[in-house]
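S.K.: Structure incoming, see below.
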Amino acid sequence: MKVRIAYLILAHKSPKAINKMIDALDYSGVDFYLHIDKKSNIISDINSNSNIYFTSNRIDVKWGHISQVESMLELMKTVKESKREYDYIWFISGQDYPIKSNEYVQQFFTQNFGYNFIEIIPKDDERYKRYLKRNQTWYPTWGASPKFIMRVLRKIYNYMTGGMKHSLFKRKNILGVEWFFGSNWFAITMETMDYVLNEVSNKPYLKYFKNCICPDESFFQTIIGNSQFANRVKDNLVYVDWSEGKKNPKILSTEDYQHLKSSDKLIARKFETIDENIAQLAK
Numbered sequence: 164m165k166v167r168i169a170y171l172i173l174a175h176k177s178p179k180a181i182n183k184m185i186d187a188l189d190y191s192g193v194d195f196y197l198h199i200d201k202k203s204n205i206i207s208d209i210n211s212n213s214n215i216y217f218t219s220n221r222i223d224v225k226w227g228h229i230s231q232v233e234s235m236l237e238l239m240k241t242v243k244e245s246k247r248e249y250d251y252i253w254f255i256s257g258q259d260y261p262i263k264s265n266e267y268v269q270q271f272f273t274q275n276f277g278y279n280f281i282e283i284i285p286k287d288d289e290r291y292k293r294y295l296k297r298n299q300t301w302y303p304t305w306g307a308s309p310k311f312i313m314r315v316l317r318k319i320y321n322y323m324t325g326g327m328k329h330s331l332f333k334r335k336n337i338l339g340v341e342w343f344f345g346s347n348w349f350a351i352t353m354e355t356m357d358y359v360l361n362e363v364s365n366k367p368y369l370k371y372f373k374n375c376i377c378p379d380e381s382f383f384q385t386i387i388g389n390s391q392f393a394n395r396v397k398d399n400l401v402y403v404d405w406s407e408g409k410k411n412p413k414i415l416s417t418e419d420y421q422h423l424k425s426s427d428k429l430i431a432r433k434f435e436t437i438d439e440n441i442a443q444l445a446k
């Protein structure tokens with residue numbers, strides 16, 4: 164069985180790294196769809212090929228903002244409009260790199276065919292209440308920024324509205340759904356993608372999530388978690404190292420080789436450069 168995969172890539176910099184990643188992932192039955200941030204000028208530096216496509220509509224993507232979700236939806240719509248059929252669509256970033264071979268990836272999806280690989284944080288996880296506030300409290304769109312002054316203002320705003328894990332002034336849940344959270348890097352079946360696009364077209368998901376913080380870490384989990392696909396979910400396929408305790412994951416390098424080699428994940432992030440040791444993992 165050959166599993167047809169559409170890699171959906173969100174990128175804004177490092178075209179050489181993107182080209183190297185695409186070369187490593189290129190395989191029979193695989194296509195690549197790229198959304199390049201509207202602020203970026205790297206498109207002309209990305210290799211052209213018959214299986215590489217770009218979204219015609221480019222979003223000005225901002226941290227923690229609904230534009231993150233909009234760029235992901237643009238990629239989904241581009242896949243749908245292409246009329247091409249895939250078994251899986253897989254969101255990755257321009258700073259990812261595979262740590263398993265394409266043959267291994269094919270075997271993995273064949274053995275787990277029909278499952279969606281998307282992180283959904285358990286409700287008893289200590290992060291859940293903190294993330295829940297992101298959805299229950301109304302946030303102004305200008306508050307979505309990683310800048311120091313905005314982080315300070317958000318902390319003040321969170322304190323005034325009940326603290327980091329409580330919402331004194333809960334918004335009306337106009338969607339009537341249960342909230343779910345997790346990483347925005349996931350692989351789902353095309354059937355699930357079609358369901359997501361239909362829900363977005365027919366219900367006010369974008370309207371509600373516009374005033375949430377980091378909606379890309381809840382938007383898709385919430386739609387899928389409230390659907391018939393919820394019982395076909397396994398954890399995501401991305402190796403990420405948060406051991407440094409920073410707001411961004413560790414930048415991976417050769418020193419992480421053994422951890423990457425022994426991981427059961429299929430791809431890893433973030434990388435600034437890919438040396439020969441890391442490149443060998445995908446062969």
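Mapping of the sequence shown onto the numbering used here: position 9 corresponds to residue 172, and the numbering continues sequentially without gaps.
Idealized CB from N, CA, C, for every residue including glycine.
#1: Let me know the secondary structure DSSP gives T300 once reduced to three states.
#2: Name the DSSP beta bridge partners of S256, please?
#3: Just how far apart, CA to CA, sit F280 and L197?
#4: Tell me the DSSP secondary structure of D186 in three-state form.
#5: Taking the alpha-carbon positions, what's the D250 to A442 distance?
#6: Give me the residue from F349, L295, Y260, R167 with the minimum Cα distance to N214.
#7: Entirely within the stretch 181-243 and at least 3 residues each: give me those beta strand (DSSP E) ranges in chain order.
#8: Using the three-state DSSP reduction, which class does N279 fall into: helix, strand or coil?
#9: According to the Cβ coordinates, are P378 and V224 closer than 9 Å?
#10: State buried or exposed for Y435, treating a residue as buried only when at least 16 other CB atoms are found within 10 Å of its CB.
#11: Does the beta-carbon distance from I255 to G345 come in below 9 Å?
#12: Restricting to Cα atoms, I'd like to know which of D427, E418, N321 is closest to I437.
#13: Round the Cβ separation of F382 and F372 to the nearest angstrom and send it over; I've been treating them as touching at under 8 Å.
#14: Answer with buried or exposed for F349, where buried requires no fewer than 16 other C-beta atoms within 10 angstroms of its C-beta.
#15: Can you list, in chain order, the stretches of the alpha helix (DSSP H) that have 4 or more residues and sit fully within the stretch 348-411?
#16: With a Cβ-Cβ cutoff of 9 Å, do L334 and W305 count as a contact?
#17: DSSP beta-bridge partners for L415?
#18: Using only CA atoms, which one of Y320, Q299, K328 lies nearest to N470?
M.R.: By the coordinates alone:
#1: Under the three-state reduction of DSSP, T300 is assigned to coil, being neither helix nor strand.
#2: Answer is L173.
#3: Going by the C-alpha atoms only, they are around 20 Å apart.
#4: Residue state, collapsed to three classes: helix.
#5: Those two C-alpha atoms are separated by around 26 Å.
#6: When F349, L295, Y260, R167 are compared, the shortest CA-CA separation from N214 is found for R167.
#7: Under the rule that a run must span 3 or more residues, the beta strand (DSSP E) segments found entirely inside the stretch 181-243 read 193-199, 215-217.
#8: The answer is strand: DSSP assigns N279 an E or B state.
#9: Taking a C-beta distance under 9 Å as the contact criterion, P378 and V224 do not qualify as a contact pair.
#10: The sequence shown places Glu at residue 435, rather than the Tyr named in the question. Exposed: under 16 other Cβ atoms inside 10 Å.
#11: No Cβ-Cβ contact shorter than 9 Å links I255 with G345.
#12: Taking the Cα of I437 as reference, the smallest distance to any Cα among D427, E418, N321 is reached at E418.
#13: Taking C-beta atoms under 8 Å as the contact rule, F382 and F372 qualify, at a distance of about 5 Å.
#14: By the 16-neighbour rule on beta-carbons within 10 angstroms, F349 is buried.
#15: For the stretch 348-411, whole alpha helix (DSSP H) runs of length 4 or above, ordered along the chain, are 353-365, 368-372, 382-388.
#16: Residue 334 is actually Arg in this sequence, not Leu. For the 9 Å CB-CB criterion, R334 and W305 do not form a contact.
#17: Looking at the DSSP assignment, L415 forms a beta bridge with F434.
#18: The chain is shown from 164 up to 446; residue 470 falls before or after that span and cannot be answered.
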